[in-house]
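Single-structure report; data block below.
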């Protein structure tokens with residue numbers, strides 16, 4: 179069953195989500211609603227043509243920073259000084275780049291203008307964070323996400339240079355600031371870094 183949200187600041191039990199994780203439709207992207215959503219393992223994911231769709235995945239793809247797998251070639255990239263990495267220095271540029279970067283097999287972006295505005299406000303309030311990867315003063319990669327206690331809920335990443343987005347993710351893990359990096363959806367790239375699948379209940383324990 180897919181729930182219809184209204185102006186009330188409430189979400190249904192995430193366990194009631196559809197098999198694909200779709201839980202509810204509607205509501206808004208206010209800071210208060212986004213904070214409540216992430217605290218309960220829920221996130222918005224939709225396109226300009228759709229109303230706001232809220233997902234609560236039954237399984238999450240996550241990285242435990244202390245189990246991160248870094249290849250020999252990637253370690254060489256990190257040691258080379260090819261990139262400079264910063265944190266929270268240009269959140270607006272990172273989310274704009276994530277929205278505009280070409281992704282094979284994908285038409286348009288789910289990071290709408292309203293979505294960018296909402297996450298910028300989360301960033302101003304210290305809840306959303308970015309990692310920037312620079313090469314000769316040019317922003318060539320990065321990622322952004324939302325912090326919930328000791329969990330970093332990754333939203334999107336981009337790369338304009340080979341290994342730039344991977345550098346952002348590896349550096350984030352090496353900070354040891356988070357117990358868990360939530361990558362949401364599984365793919366081969368994340369698996370190569372040691373990402374695993376965990377169930378909703380286990381994930382919610384980390385959020386709490």
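In our numbering, the protein residues as written are 179 to 386.
Here a beta-carbon is modelled for each residue, glycine too, at the ideal position from N, C-alpha and C.
Nothing here was measured: the structure is a model prediction, and the numbers come from that model.
In terms of Cα proximity to residue 322, the closest of 315, 247, 311 is 311. Bounds of the beta strand (DSSP E) holding residue 203 are 200 to 204. For a cut-off of 8 angstroms, the C-beta gap from residue 255 to residue 345 is around 7 angstroms, short enough to register as a contact. Listed as beta-bridge partners of residue 337 by DSSP are 319. Inside the segment 207 to 268, DSSP marks whole alpha helix (DSSP H) runs of 4 or more residues at positions 209 to 217, 250 to 258, from first to last along the chain. Less than 8 angstroms divides the Cβ of residue 246 from the Cβ of residue 348. Residue pairing from DSSP places residue 362 in a beta bridge opposite 239. Of the candidates 324, 263, 361, the residue whose Cα lies closest to the Cα of residue 313 is 263. The beta carbon of residue 334 is closer than 6 angstroms to those of 276 in its chain, skipping five residues each way along the sequence.
Here residue 197 is exposed: its Cβ has fewer than 16 other Cβ atoms, across all protein chains shown, within 10 Å. Here residue 329 is actually not in contact with residue 300; their C-beta atoms are around 15 angstroms apart, not less than 8 angstroms.
Ranked by Cα distance from residue 179, the options 193, 185, 187, 342 are led by 193. As a beta-bridge residue in DSSP terms, residue 310 pairs with 264, 320. For residue 183, there is no enclosing alpha helix (DSSP H); the residue is found in the beta strand (DSSP E) stretching over 181 to 183. Nearest Cα to residue 305 within the set 212, 244, 222: 212. Cβ-Cβ distances below 7 angstroms link residue 354 to 243 in the same chain, with the five nearest sequence neighbours on each side left out; the list follows chain order.
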